[in-house]
Amino acid sequence: MERALERPVRELAAPGLLTTLEISLLAWVLAVALGIVSGAMRTVPWKPLRALATFYVEFFRNVPLLVWMFFWYFGVPPLLPGGAREWLFNHGAEFWAGMFALGVYHGARMSEVIRAGILAIPRTQFEAAVAMGLTTFQVYRLVIVPIALRLIVPPATSESLNLLKNSSVALTISVAELTFQTRQIETYTAKAIEALTAGTVIYLVLCVGIAAIMARVERRFAIPGLIARGG
Amino acid sequence: MTRMRSVVVGLALALWLVPPAGAQPDTLAKIKETGVLTIGTRTGSPPFAYVNKNNEWVGFSIDLVEQLVKPSVEKAVGRAIKVEKKESTPPTRIPLLSSNAVDLIAGTMTDTPQRREVVDFSLTFFYTGAQFLVKKGSPIKGVNDLAGKRVAAQQGATNAKILREKYPQAQLREFPDQPAAFQALLQGQVDAYTNDGIQLYGLKAKAPKPDEWDVVGDFYSEEPYGMALRKGDAKFKAAVDAGLKNGFESGKYFEIYEKWFGPKGELPYPMTAQVKAYLLKQIGK
């Protein structure tokens, strides 16, 4: 590596990468939790729950992520009491706003993936579980959701990679993530093409790595007979 | 076969991203052929370059190009030319220049030693320094009152870098553009917004209630604005500099300054004797 680039990489790119991973991981946990709950809710035999989940999904996935970033950063804090607001502003409000924006937005998209997985399960599974004497909640918790999760690994992987890459949008509300920092490197060194290329390569390596791990997970958890592919 | 082809296409794409090394840029030849000088400038940095109420793309920097640089370049290429404008922001302007998308950056770009390693700069055409925009009555009076305070800056700007290096006691928040940073100041996400003084005056003048805001502090950085061009293009640089030099000598530059920054201008900002001396020193006066 060129000597001139050593410092910016150590002081900017490394913490930027860490922030990208932190915000993506937390947002991913939130998105998966919201996705499982709302995705399951959209298939239950009780209309108000279905309506609530449908509202969440359609509302959050049909507004651009950039707008959600501004909403969580500029729109939510004024609703908080003065003391809490000041505390938050001093303790990384932009990070948490970005995390919620990403998590809630991708939760709505993840929800559709999970719903698709649930709908792919033959109706007979559901009926068999009910016939065993399980309540609806137990049917979902013990049978339907676990099977659905094993079916949706490929689209869920795609969605997770999208989340990781979309975390770069948080730079608009001053979150110092990887893309933000590659731009900083440009400021420091004026080497724009090199900084952009480095950022591109880092995202690529991260995403390809995650995709490779998920491909293993997919093989490991595939259910013979339910997914038409050999291991 | 298909795989082979995709490898070749991939490589071609990768190479396309890397600018050809060693090729001497010759912007004048290109302008002579096309009859067009393409500049990269701003749309939201009044009064240097912005879209005004009548939806016209105007400003001090643009006037300098139209009235000083253009005639000089026309003389150098021996034909009439047209000036075309493209939007360029701090993160995009150097790539736009090195990819040949624009020929000259004329906006609010500070001439720095780091940037001089990749681009060349014309003579300095404006001189300012970083200050702070705060709510009236704020305890922040300058760069020494920043301990523990949240300060907004613009991403890719030189003053953010200075703050981070020399005044780490401030909590820096960097936004991609002026409106977002100002919104954060308006709502209290940050206590101050730092940028080049002249831009803060421009922002204050455009704010819904200008009286509620103050521009404070001595210049804690030097921000000489220059026009950036591709590195190593001596002939083009000579033509651009000749235009500016001629403007300084004939007084045309000061007329344009008066139009934008004079008492009746878009943003009254009288030129100090110190700045005038700095500008004239460049042409040996």
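From first to last, the protein sequence lines are chains B and G.
Quick note on numbering: our numbering labels position 51 of the first sequence as 171, and the sequence is numbered without any gaps.
Quick note on numbering: our numbering labels position 34 of the second sequence as 50, and the sequence is numbered without any gaps.
Cβ atoms here follow ideal geometry from the backbone N, Cα and C, with glycine treated the same way.
Cβ neighbour criterion (16 or more within 10 Å) applied to residue i
i	result
residue 306/G	This structure cannot settle anything about residue 306/G, because the visible part of chain G is limited to 17 through 301.
residue 324/B	exposed
residue 149/B	exposed
residue 256/G	buried
residue 288/G	exposed
residue 338/B	buried
residue 78/G	buried
residue 286/G	exposed
residue 212/G	buried
residue 54/G	buried
residue 227/G	exposed
residue 266/G	exposed
residue 252/B	exposed
residue 185/G	exposed
residue 335/B	exposed
Residue i (DSSP reduced to helix, strand or coil)
i	result
residue 211/G	strand
residue 297/B	coil
residue 237/G	coil
residue 341/B	helix
residue 1/G	The question about residue 1/G has no answer here: the residues shown for chain G are numbered 17 through 301.
residue 230/G	strand
residue 142/G	strand
residue 61/G	strand
residue 281/G	coil
residue 297/G	helix
residue 155/B	helix
residue 183/G	coil
residue 334/G	Residue 334/G falls outside the range modelled here, since chain G spans only 17 to 301, and no answer is possible.
residue 9/G	Because chain G here runs from 17 to 301, residue 9/G falls outside it and cannot be looked at.
residue 37/G	Residue confidence is low: residue 37/G scores 47 on pLDDT, short of 50, so the model does not pin down where it sits. Its coordinate-derived value is still stated next. DSSP places residue 37/G in coil when its eight states are reduced to three.
residue 171/G	coil
residue 73/G	strand
residue 136/G	strand
residue 244/G	strand
residue 151/G	strand
residue 95/G	coil
residue 162/G	coil
Pair within 9 Å by beta-carbon distance, residue i and residue j
i	j	result
residue 121/G	residue 244/G	yes
residue 58/G	residue 128/G	no
residue 298/B	residue 146/B	no
residue 233/B	residue 293/B	no
residue 171/G	residue 303/B	yes
residue 201/G	residue 207/G	yes
residue 56/G	residue 135/G	no
residue 139/G	residue 260/G	yes
residue 158/B	residue 283/B	no
residue 279/G	residue 312/B	no
residue 209/B	residue 205/G	yes
residue 296/G	residue 264/G	yes
residue 160/B	residue 264/B	yes
residue 80/G	residue 272/G	yes
residue 218/B	residue 287/B	yes
residue 234/G	residue 158/G	yes
residue 346/B	residue 267/B	yes
residue 43/G	residue 198/G	no
Residue i versus residue j: straight-line alpha-carbon distance, rounded
i	j	result
residue 142/B	residue 290/G	49 Å
residue 132/B	residue 131/G	18 Å
residue 91/G	residue 85/G	10 Å
residue 52/G	residue 143/G	29 Å
residue 37/G	residue 115/G	The predicted model places residue 37/G with a pLDDT of 47, which falls under 50 and marks its position as unreliable; any figure quoted below should be read in that light. Near 12 Å, if we compare the C-alpha coordinates of residue 115/G and residue 37/G.
residue 299/G	residue 145/G	22 Å
residue 280/B	residue 187/B	20 Å
residue 66/G	residue 75/G	6 Å
residue 236/G	residue 165/G	17 Å
residue 351/B	residue 343/B	Per-residue confidence for residue 351/B stands at a pLDDT of 42, beneath the threshold of 50, marking its modelled position as unreliable; the derived number appears in the next sentence. C-alpha separation (whole angstroms): 10 Å.
residue 308/B	residue 128/B	7 Å
residue 331/B	residue 204/B	40 Å
residue 231/B	residue 177/B	7 Å
residue 102/G	residue 140/B	32 Å
residue 269/B	residue 250/B	20 Å
residue 213/B	residue 162/B	32 Å
Under 9 Å (Cβ pairs) to chain G, residues found in the segment 206–225 of chain B: For the segment 206–225 of chain B, which is checked against every Cβ of chain G, the residues closer than 9 Å are 206, 209, 210, 213, 214.
Contact set between the segment 271–296 of chain B and chain G, restricted to residues whose Cβ is under 8 Å from the partner: Flagged, chain order: 291, 292, 293, 294, 296.
Proximal residues, the segment 169–199 of chain B versus chain G, C-beta separation under 9 Å: Within the segment 169–199 of chain B, the residues whose Cβ lies closer than 9 Å to some Cβ of chain G are 190, 193, 194, 197, 198, listed in chain order.
Short-range partners of chain G found in the segment 301–333 of chain B, where Cβ spacing is below 8 Å: Answer set for the segment 301–333 of chain B: 303, 304, 306, 307, 308, 309, 310, 311, 312, 313, 316, 317.
Residues of the segment 158–173 of chain G whose Cβ lies closer than 7 Å to any Cβ of chain B, in chain order: Answer set for the segment 158–173 of chain G: 166, 171, 172.
Cβ-based contacts, 9 Å cut-off: residues of the segment 124–153 of chain G near chain B: Within the segment 124–153 of chain G, the residues whose Cβ lies closer than 9 Å to some Cβ of chain B are 128, 130, 131, 132, 133, 134, 135, listed in chain order.
Residues within the segment 243–263 of chain G neighbouring chain B, beta-carbon criterion of under 7 Å: Per Cβ criterion, the list is empty.
Proximal residues, the segment 171–203 of chain G versus chain B, C-beta separation under 8 Å: Among the residues of the segment 171–203 of chain G, those with a Cβ less than 8 Å away from any Cβ of chain B are 171, 172, 173, 174, 176, 177, 187, 189, 190, 191, 192, 196, 199, 200, 203, in the order of the chain.
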